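Trainee: Structure in structure tokens, see below.
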Amino acid sequence: MQVGDTVRNGVCEIEVTIKNAAGLHMRPAMQFVDIANQFQSAVSVSNGQTIADGKSIMQMSMLAATCGMKLKITADGPDSSEVVEKLRELVEVKKFGEPTPEEAKGQF
Amino acid sequence: MEIKKGVAVSPGISIGKCLVIDAEDYRIPRRAIHLTQRLTETQRVRNAFKDATEELEKLRSEQKELKVRDIFAVHLSFLKDRSLRKKITDMVQDEAVTAEYAVSKTLRDIASHFAREKDIYIRERAADIYDIERRVLKYLVGGMRQDIRELTEEVVIVARELSPTQTASFNKDYVKGLATGAGGRTSHTAIVARSLGIPAVVALEDITESVTAGDTVIIDGNRGIVIISPDDATIQQYLEYAVEFAEMEHRLDAIKEKPAETRDGVKVSLYGNIEFPDEAELVLKRGGEGIGLYRTEFLFLNRDTEPTEQEHYEAYARTVGFFKSKQVTIRTVDLGADKYTQSRRYIREPNPFLGLRSIRYCLQNLTMFKTQLHAILRASVLGQVKVMFPLITNLQELMQAKMIFGDVMEDLDDEGIRYNKNIEVGIMIETPAAALTASMLARDVKFFSIGTNDLTQYTLAVDRGNELVSTLYSSVDPAVLRLIRTVIQDAYKARVDVTVCGEMASEPEQVMLLLGLGIRKLSIASPMIPEIKQIVRSVTIEECNSVARKVLSMNSERQISSFLRDSARKILPEAF
Chain Z
1 MQVGDTVRNG VCEIEVTIKN AAGLHMRPAM QFVDIANQFQ SAVSVSNGQT
51 IADGKSIMQM SMLAATCGMK LKITADGPDS SEVVEKLREL VEVKKFGEPT
101 PEEAKGQF
Chain F
109 MEIKKGVAVS PGISIGKCLV IDAEDYRIPR RAIHLTQRLT ETQRVRNAFK
159 DATEELEKLR SEQKELKVRD IFAVHLSFLK DRSLRKKITD MVQDEAVTAE
209 YAVSKTLRDI ASHFAREKDI YIRERAADIY DIERRVLKYL VGGMRQDIRE
259 LTEEVVIVAR ELSPTQTASF NKDYVKGLAT GAGGRTSHTA IVARSLGIPA
309 VVALEDITES VTAGDTVIID GNRGIVIISP DDATIQQYLE YAVEFAEMEH
359 RLDAIKEKPA ETRDGVKVSL YGNIEFPDEA ELVLKRGGEG IGLYRTEFLF
409 LNRDTEPTEQ EHYEAYARTV GFFKSKQVTI RTVDLGADKY TQSRRYIREP
459 NPFLGLRSIR YCLQNLTMFK TQLHAILRAS VLGQVKVMFP LITNLQELMQ
509 AKMIFGDVME DLDDEGIRYN KNIEVGIMIE TPAAALTASM LARDVKFFSI
559 GTNDLTQYTL AVDRGNELVS TLYSSVDPAV LRLIRTVIQD AYKARVDVTV
609 CGEMASEPEQ VMLLLGLGIR KLSIASPMIP EIKQIVRSVT IEECNSVARK
659 VLSMNSERQI SSFLRDSARK ILPEAF
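Below, the structure written as structure tokens:
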């Protein structure tokens, strides 16, 4: 857990930033919901305007999150802190296994 | 109550609850359902998702390309998305609409959401969503559709257009009538309806948008009318019509055992046209003397792969088995200019009807052609089988086809398989080229069969399905009649048999003319056999000759049509 993350009554909430160049397109959205679906907690993701069910690829992909956009992930349930941590790792550390804008430039 | 006027293509009257079928590649109209059907429709959504998921999982496991596997994985993820399915089933529940509409609307809304985004990566997702839509819809409206195959009560079918795949999957005991928005007299729907002996009306335009599944619908295949949700008085009136019509049918049935002979004792042979083996029995029931045209394309239609030799053989053996010593004329595959061949081409032909179709297609796909000929020869020992090549345009084509037939016979000799070495070979005359060179072609065949539909289309250069020019299409146009006369005269001179197997032979008004031109063999849709026999039995050849003489002296199609109508009306008033 980092400073700024909140935990109360099994609810865990964090903010992440999309770092990969292509943003939350189909395949990343799938990776996201695949992880969320491995946990019991309900997961919701907000881009400030819309709230999506973190377990639904339809809703997640419709968030249309692009590189640099901040998302708030909220998990509610017995394993909420684990799922939130896994999702943060996916978005910010593994970056969905995709290049950042700088890395992407280097490829061309 | 709403009355729609279309084109009557198969006679009879039927009243029943309707089943509506949408077209996969066409915009699905919003269609309301009765509240009691919501559960069934919800279940159809679930089943379609389940079937699509299974198909995709199989495709994914067979796919070696990693990128494609990834795409399939994403699509699978959508198919398994509960919240997506819920959105669709909620729509069925809340708005009482069909499963196909809810699926299509929901997914298209999502796709257009993506299409509006600025980011290019996101915009491209729309294509994925359309792909998912198509995959799910395939299970809801395609030929695989469960509820057509598993009907448990009598229905009439309303569709925009019926594909051969769809009609081939009908449970024929329960389908009592057909009504389509598209189509013409020679459309697939028309041919199937006539062969099954059920009423059909086509060219009803937006009919699928005017009905709700489960509505009561009257299909009047005599007058070309469809009535949606008729009131009680109309139903009553139609029940009476139906009885009258059945009585007339019954009278015609009574002549089944009587010979097709003119009043002055000239014998005419009436054969049936069939497409599916199970229609064979109907031909016998209606008094047909055999099969004059056995279309074999159905073997290719319900599937993605070519039929095996054994599959060909089993179909032919079944049909020939019904007829034993009576003739069964098998036409080799008349593919091309259809979905089966066109979808297999990298580049679609710009003008498929003048393209690689029929015998031309066979001569370029020799393995397929030989497979069929092998099966026909094998079936030839079971009865009186003849073989007929379609769409011949010149002697070289005929010689080439015959040479290949000879090669296949040698193959059977080598394999030690028995076949009828004297099997008769004939050709269809359906192009002006073949008609004009009939005297040359006659030396190398045992029989001609005049296919009047294609002959008319090619002679007059008119696509009958194109409503802008369809009024120009007429088999009694002076140009077409002159070609037919030439073929008959040349056939007589060369002593080869000549049959008419096109629509013309089943037009009551045109039968006298054909007899007068010298035709003694007609091959027609089985439900028409009693009516045509009745006409034959009511005329003398002398009368027919005089009709033909008069017609050949006339110079306009309109004059000929009305003269033929008047002549026929005098002989068989109740049919007109």
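Chains as they are written, first to last, in the numbering used here: chain Z, 1 to 108; chain F, 109 to 684. The beta-carbon is built from N, C-alpha and C at its ideal position, and this holds for glycine as well. As the structure is a prediction and not an experimental result, all values here were calculated from the model.
1. Using three-state DSSP, classify Met69/Z as helix, strand or coil.
2. By DSSP, does Ile363/F sit in helix, in strand, or in coil?
3. Between which two residues does the alpha helix (DSSP H) containing Leu568/F stretch?
4. Can you tell me whether Asn155/F is helix, strand or coil according to DSSP?
5. Is Gly396/F near the ligand FAD, with its Cβ less than 7 Å from a heavy atom?
6. Verify the CB distance criterion: does Ser185/F have a CB-CB separation below 8 Å to chain Z?
7. Scan the segment 491 to 547 of chain F and note each continuous alpha helix (DSSP H) run of 4 residues or more that stays entirely inside, going in chain order.
8. Tell me which residues share the same chain as Glu15/Z and place their Cβ nearer than 8 Å to its Cβ, disregarding the 5 neighbours each side in the sequence.
9. Less than 8 Å between CB atoms is the rule here; does Arg154/F satisfy it with respect to chain Z?
10. Using a C-beta to C-beta distance shorter than 8 Å, which residues of chain F count as neighbours of Ser56/Z?
11. Could you tell me whether the Cβ of Asp76/Z comes closer than 8 Å to any Cβ of chain F?
12. Counting only beta-carbon atoms, is Leu167/F nearer than 8 Å to chain Z?
13. What span of residues does the alpha helix (DSSP H) with Thr479/F cover, start to end?
14. Is the segment 628 to 647 of chain F touching the segment 390 to 409 of chain F, taking contact as three or more C-beta pairs under 8 Å?
15. From Val128/F to Phe96/Z, what distance separates their C-alpha atoms?
16. Tell me, to the nearest whole angstrom, how far the beta carbon of Ala64/F is from that of Val309/F; I am working on the premise that it is less than 8 Å.
17. Give, in chain order, every unbroken run of the alpha helix (DSSP H) that is at least 4 residues long and sits entirely within the segment 149 to 225 of chain F.
18. On the criterion of 16 or more Cβ atoms from any shown chain inside 10 Å, does Thr564/F qualify as buried, or is it exposed?
19. For His420/F, is the classification buried or exposed, using 16 other Cβ atoms within 10 angstroms of its Cβ as the cut-off for buried?
20. How would you label Pro458/F, buried or exposed, when you count the other beta carbons within 10 angstroms and need 16 or more for buried?
21. Which ranges does the alpha helix (DSSP H) cover as unbroken runs of at least 4 residues, wholly within the segment 313 to 394 of chain F, from first to last along the chain?
22. Which residues bound the beta strand (DSSP E) around Tyr402/F?
23. My guess is that Val211/F and Glu232/F are in contact by the Cβ rule of under 8 Å, so how many angstroms apart are they, rounded?
24. Ignore the nearest five residues each way along the sequence and tell me which others in Ser687/F's own chain have a CB closer than 6 Å to its CB.
25. Roughly how many angstroms lie between the CA atoms of Asp314/F and Asp202/F, to the nearest whole one?
26. From the beta carbon of Arg394/F, is the nearest beta carbon of chain Z less than 8 Å away?
27. Return the bridge partner residues of Arg439/F from the DSSP annotation.
28. Tell me whether Thr370/F is buried or exposed, calling it buried when 16 or more other Cβ atoms sit within 10 Å of its Cβ.
29. Is the distance from the Cβ of Val577/F to the Cβ of Asp571/F below 8 Å?
30. When you check each C-beta in the segment 217 to 242 of chain F against every C-beta of chain Z, which residues fall closer than 7 Å?
31. For Pro78/Z, count neighbouring C-beta atoms within 10 Å of its own C-beta (all shown protein chains included) and say buried if the count is 16 or more, exposed if not.
32. Would you mind working out which of Glu422/F, Lys194/F, Ala587/F, Cys126/F sits nearest Ile265/F, comparing C-alpha positions?
Mentor: Per the coordinate set shown:
1. Here residue 69/Z refers to the residue found at position 69 when the first sequence is read from its first residue. The answer is coil: DSSP assigns Met69/Z none of H, G, I, E or B.
2. Position 255 of the second sequence holds residue 363/F. Three-state result, Ile363/F: coil.
3. Position 460 of the second sequence, counting from 1, holds the residue named residue 568/F. Taken as a continuous stretch (DSSP letters only), the alpha helix (DSSP H) holding Leu568/F covers 560 to 568.
4. Indexing the second sequence from 1 puts residue 155/F at position 47. Residue state for Asn155/F is assigned as helix, using DSSP reduced to three classes.
5. The ligand FAD is not part of this structure, which contains no ligands at all.
6. Counting from 1 along the second sequence, the entry for residue 185/F is found at position 77. Output row for Ser185/F: interface = yes.
7. Taken in chain order, the whole alpha helix (DSSP H) runs of length 4 or more contained in the segment 491 to 547 of chain F are 503 to 523, 540 to 544.
8. Taking the first residue of the first sequence as position 1, residue 15/Z is located at position 15. Here the set comprises Gly4, Lys70, Leu71, Lys72, Ile73.
9. The residue given as residue 154/F occupies position 46 in the second sequence. So no, Arg154/F is outside the interface.
10. Counting from 1 along the first sequence, the entry for residue 56/Z is found at position 56. Per Cβ cutoff of 8 Å: Asp189, Arg190, Ser191, Leu192.
11. One-based indexing of the first sequence puts residue 76/Z at position 76. Judged by the 8 Å Cβ criterion, Asp76/Z is not in contact with chain F.
12. If you number the second sequence from 1, residue 167/F lands on position 59. Not closer than 8 Å to any Cβ of chain Z, the Cβ of Leu167/F fails to qualify, so no.
13. Position 371 of the second sequence, counting from 1, holds the residue named residue 479/F. That run of the alpha helix (DSSP H) goes 474 to 487.
14. By the Cβ test, the segment 628 to 647 of chain F is in contact with the segment 390 to 409 of chain F, since at least three Cβ pairs between them sit closer than 8 Å.
15. For the purposes of this step, residue 128/F is taken as residue 20 along the second sequence, with counting starting at 1. For the purposes of this step, residue 96/Z is taken as residue 96 along the first sequence, with counting starting at 1. Just so you know, the alpha carbons of Val128/F and Phe96/Z end up roughly 45 Å apart.
16. This structure cannot speak to residue 64/F, because chain F is shown only from 109 to 684.
17. Secondary structure remark: continuous alpha helix (DSSP H) runs of at least 4 residues inside the segment 149 to 225 of chain F, in chain order: 174 to 187, 190 to 203, 207 to 223.
18. Numbered from its first residue, the second sequence carries residue 564/F at position 456. Classification of Thr564/F: buried, given that the 10 Å Cβ count is 16 or more.
19. Walking along the second sequence from the start, residue 420/F turns up at place 312. Here His420/F is buried, its C-beta having at least 16 other C-beta atoms within 10 Å.
20. Position 350 of the second sequence, counted from the first residue, corresponds to residue 458/F. Answer is exposed; the Cβ neighbour count stays below 16.
21. As for any alpha helix (DSSP H) of minimum length 4 sitting wholly inside the segment 313 to 394 of chain F, the runs are 315 to 318, 340 to 362, 388 to 393, ordered along the chain.
22. On the second sequence, position 294 is the one that residue 402/F refers to. For Tyr402/F, the enclosing beta strand (DSSP E) has its first and last residue at 399 to 402.
23. Your numbering for residue 211/F matches position 103 in the second sequence. Your numbering for residue 232/F matches position 124 in the second sequence. Between Glu232/F and Val211/F the Cβ distance is about 22 Å, and since that is not below 8 Å, they are no contact.
24. With chain F covering 109 to 684 only, the question about residue 687/F has no answer from this structure.
25. Here residue 314/F refers to the residue found at position 206 when the second sequence is read from its first residue. Here residue 202/F refers to the residue found at position 94 when the second sequence is read from its first residue. Going from the Cα of Asp314/F to the Cα of Asp202/F covers about 25 Å.
26. On the second sequence, residue 394/F is found 286 positions in, with the first residue counted as 1. So no, Arg394/F is outside the interface.
27. In the second sequence, the residue the question calls residue 439/F occupies position 331. Arg439/F pairs with Met496/F.
28. Numbered from 1 along the second sequence, position 262 holds the residue referred to as residue 370/F. So Thr370/F counts as buried.
29. Sequence index remark: in the second sequence, residue 577/F carries index 469 (1-based). Sequence index remark: in the second sequence, residue 571/F carries index 463 (1-based). It is a contact, given that the beta carbons lie within the stated cut-off.
30. Cβ contacts with chain Z come from Ile218, His221, Glu225, Asp227, Tyr229, Ile230, Arg233, Asp236.
31. In the first sequence, the residue the question calls residue 78/Z occupies position 78. The residue is exposed, with fewer than 16 neighbouring Cβ atoms inside 10 Å.
32. Position 157 of the second sequence, counted from the start, is the residue given in the question as residue 265/F. Ranked by Cα distance from Ile265/F, the first of Glu422/F, Lys194/F, Ala587/F, Cys126/F is Cys126/F.
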